[in-house]
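**Student:** Okay, here's the structure, questions in a sec.
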Amino acid sequence: MSVNGANFIDTVISTINRLSGILQQSESSNREDSITAADPTYKPDTATFKKNDIYYIIGQQSGALKRKHRPNLIRTIDELATSTRVSLGDRCYLGCHVIPNEHQHENSIRYRDKVFCGTFEKDGNMFITTSQDCVVRIYDTTGNRPIWRKSIHATDVGWSILDTSVSPDGRLFVYSSWSENLHLCQIDGQSEESVTLELNPLENRFCVFSLKFSANGEEILCGASDTSLYVYSLSAQKRTLLIPAHNDEVNAVCFADRSSHILFTGGDDGLVKVWDRRVLNEANARPVGVLAGHRNGVTFVDSKGDGRYLLSNSKDQSIKLWDVRRFADHEGIEATLAAVGDQRWDYRWQPVRKSQRIATWTPLPGDVSVMTYSSADTYSVSLFANIYHRPALYLYRLCFRKGLRL
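Residues 1 to 406 in full-length UniProt numbering are what the sequence shown spells out, letter by letter.
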């Protein structure tokens, strides 16, 4: 697979389209205008992307930009384990040549009930799943096939476990449900006991849809059904932050980088918001910026880890790449809110119409995204691939039904 010079963008787009099918389970529909995969006629607009720094950053990190002298692959492979002279770009250049070229999956895990969450430990050696049967299953993924390691019967579960997050040291994980509390559990050992973390929300019917551990493992960031953003401190053993974040449910949260100062949130109002905790006041909470351009609610956000770029996945069947140095103006925010308000389609049970996907090809007024990717049917998440300290060069998309594909 050639990835140099002018073909770089086309290669990235085709790679993303290939990878989007690795974990996808398609659902048949009798409607002629329903679709389950990206339309091959879609021609993404890469003009803004090519003008942004990320085009050159990824090109340099992947070794895809033109060079006067190509690296000697045999010598480079031989030096990878024995020398520090091999540049990051050369290592990534090699890595780019082993991306799968076919729609395939390595392993399947089948369940009787719908799967709502799948979370890898930071180093990829452990995988945690939750489903509507209220059981947390932990798998060892160090080998070629996932091996069941432990099951935990969750407590205080309303309807289903909706999200999990693994601590940076890989010793603990936390889960949420339709409950006022979070539950913290040990990964190692045979104990199924959990520690209850009380968020003390202001509403009785309450759910945390999204969870993230901070880089130091001392805080848990939460996005909730009451439109609010929460931070729970494990050292203080209490909620330390509660702010109204969106006009609708908060479906997605993440930290921008390891400092934990900058937060990203995505809501059912279709907006992605950026928050700086250093200037955040609970009495008058305001984001430092808003990213607008989606036509429906945001289901997931993920940071590149550099405090600058992030991805958002939406019910409008698109994935957007953002640069937080450019925020939306009033026109862009109002256009997104209006588009979301006009939606009469529910992604949970209605098939995706081709007209819906085509609509995302035309940007809304004030759309400030760097790039828009047409995705397959959106039921869950999109994320940056950042495995074993490689730069986050690719996007992966996961679709969960009654099972998982790895």
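A virtual CB, placed ideally from N, CA and C, is assigned to each residue, including glycine. Here the structure is a predicted model, which is why all the values come from computation and not from measurement.
Does the region 139-149 come within contact of the region 159-167, defined as at least 3 CB pairs closer than 8 angstroms?
**Tutor:** No: the two stretches stay apart, fewer than three of their Cβ pairs being nearer than 8 angstroms.
**Student:** What runs of the beta strand (DSSP E), each 3 residues or longer, lie entirely inside the region 114-176?
**Tutor:** Complete beta strand (DSSP E) runs here, min 3: 115-120, 126-131, 135-140, 147-153, 163-166, 172-176.
**Student:** What is the residue span of the alpha helix (DSSP H) that residue 417 lies within?
**Tutor:** The structure shown has nothing for residue 417, since the chain only spans 1 to 406.
**Student:** Could you check which residue in Ser233, Trp361, Cys207 has the C-alpha nearest to that of Gly217?
**Tutor:** Nearest C-alpha to Gly217: Ser233.
**Student:** Using the C-alpha atoms, what's the distance from Ile262 back to residue 410?
**Tutor:** Examination of residue 410 is not possible in this model, given that the chain is present from 1 through 406 alone.
**Student:** Between Asp33 and Pro363, what straight-line distance do the alpha-carbon atoms span, to the nearest angstrom?
**Tutor:** Here the model assigns Asp33 a pLDDT of 44, short of 50, so the residue's position is not dependable and the matter cannot be decided.
**Student:** Taking the alpha helix (DSSP H) that Lys50 falls in, what are its first and last residues?
**Tutor:** First-last of the alpha helix (DSSP H) with Lys50: 47-51.
**Student:** What did DSSP end up calling Ile187 once you bin it into helix, strand or coil?
**Tutor:** Of the three classes helix, strand and coil, the one that applies to Ile187 here is coil, per DSSP.
**Student:** Give, in chain order, every unbroken run of the beta strand (DSSP E) that is at least 3 residues long and sits entirely within the UniProt repeat "WD" (291-325).
**Tutor:** Complete beta strand (DSSP E) runs here, min 3: 298-303, 309-314, 318-323.
**Student:** Would you give the residue range spanned by the beta strand (DSSP E) that Glu219 belongs to?
**Tutor:** Start and end: 219-224.
**Student:** Could you have a look at Val279 and say whether DSSP puts it in helix, strand or coil?
**Tutor:** Helix at Val279.
**Student:** Quick one: residues in its chain with C-beta nearer than 8 angstroms to the C-beta of Gly293, no 5 flanking neighbours on either side, listed in chain order?
**Tutor:** If we look at Gly293 and ignore the five residues flanking it on each side, its Cβ neighbours are Lys320, Ala328, Gly332, Thr336, Pro363, Leu364, Gly366, Asp367, Val368, Ser369, Thr372.
**Student:** Would you kindly work out how many angstroms separate the C-alpha atoms of Ala215 and Cys185, rounded to a whole number?
**Tutor:** For Ala215 and Cys185, the distance between alpha carbons rounds to 18 angstroms.
**Student:** For Asn313, is the classification buried or exposed, using 16 other Cβ atoms within 10 angstroms of its Cβ as the cut-off for buried?
**Tutor:** When all chains shown are included, Asn313 counts as buried.
**Student:** Between Leu242, Gly170, Gly143, Phe120, which has its C-alpha nearest Ala283's C-alpha?
**Tutor:** Per the Cα distances, Leu242.
**Student:** Which same chain residues end up closer than 6 angstroms to Ser355 when comparing Cβ atoms and leaving out the 5 residues on each side of it in sequence?
**Tutor:** Once the five neighbours on either side are set aside, Ser355 has no close Cβ partner at all.
**Student:** Does the beta-carbon of Gly118 have 16 or more other beta-carbons within 10 angstroms, so that it is buried, or is it exposed?
**Tutor:** With 16 or more Cβ atoms within 10 Å of its Cβ, Gly118 is classed as buried.
**Student:** Hey, how far is the Cα of Val352 from the Cα of Gln237?
**Tutor:** The alpha-carbon atoms of Val352 and Gln237 are separated by roughly 44 angstroms.
**Student:** Could you compute how far the alpha carbon of Val136 sits from the alpha carbon of Gly341?
**Tutor:** If I take the Cα positions, the gap works out to 36 angstroms.
**Student:** Given this structure, state the Cα-to-Cα distance separating Tyr175 from Leu182, to the nearest angstrom.
**Tutor:** C-alpha separation (whole angstroms): 6 angstroms.
**Student:** For Ala245 versus Lys212, is the C-beta spacing smaller than 8 angstroms?
**Tutor:** Not a contact, by the Cβ cut-off of 8 angstroms.
**Student:** Tell me where the beta strand (DSSP E) around Arg112 begins and ends.
**Tutor:** Counting along the chain, Arg112 falls outside any beta strand (DSSP E), and DSSP gives it neither H nor E.
**Student:** Quick one: what's Glu198 bridged to in DSSP?
**Tutor:** Answer by DSSP bridge pairing, in chain order: Asn181.
**Student:** Taking Leu202 as the reference, which of Ser179, Leu221, Gln190, Val195 has the closest Cα?
**Tutor:** Closest by alpha carbon: Ser179.
**Student:** Rounding to the nearest angstrom, what Cα-Cα distance links Arg110 and Asn52 in this structure?
**Tutor:** Cα to Cα, the separation comes out at about 42 angstroms.
**Student:** Is the Cβ-Cβ distance between Ser194 and Thr155 less than 8 angstroms?
**Tutor:** Contact flag set, yes.
**Student:** For the ligand MN, is there any heavy atom lying closer than 7 angstroms to the beta carbon of Thr130?
**Tutor:** Absent from the structure shown: the ligand MN. Ligands present: none.
**Student:** Please state whether DSSP places Ser228 in a helix, a strand or coil.
**Tutor:** In the structure shown, Ser228 sits in a strand (DSSP, three-state: E or B).
**Student:** What residue does the beta strand (DSSP E) around Gly267 start on, and which one ends it?
**Tutor:** First-last of the beta strand (DSSP E) with Gly267: 262-267.
**Student:** Measure the C-alpha to C-alpha separation of residue 419 and Trp361 and round it to an integer number of angstroms.
**Tutor:** Only positions 1 to 406 of the chain appear in the structure, and residue 419 is not among them; the question remains open.
**Student:** Alpha carbon to alpha carbon, what distance is there between Tyr56 and Lys304?
**Tutor:** Distance between the alpha carbons of Lys304 and Tyr56 is about 15 angstroms.
**Student:** Take Glu198 and list the residues in its own chain whose beta-carbon comes closer than 6 angstroms to its own, dropping the five residues that flank it on each side.
**Tutor:** Cβ neighbours of Glu198 beyond the five flanking positions: Asn181.
**Student:** Between which residues of its own chain and Arg31 is the CB-CB distance below 8 angstroms, once the five residues before and five after are set aside?
**Tutor:** Low confidence applies here, because Arg31 scores a pLDDT of 41, under 50, leaving its location unreliable; read the following figure in that light. Excluding positions up to five away in sequence, the list reads Pro351, Arg353.
**Student:** Please confirm whether Val324 and Leu310 have their CB atoms less than 8 angstroms apart.
**Tutor:** Yes. Within cutoff.
**Student:** Which class does Pro355 belong to by DSSP, given the choice of helix, strand or coil?
**Tutor:** In the sequence as displayed, the identity of residue 355 is Ser instead of Pro. Correct three-state label for Ser355: helix.
**Student:** Which of helix, strand or coil does DSSP assign to Asn30?
**Tutor:** Interpretation of Asn30 is limited by its pLDDT of 40, a score under 50 that renders its predicted location unreliable; no figure is taken from the coordinates.
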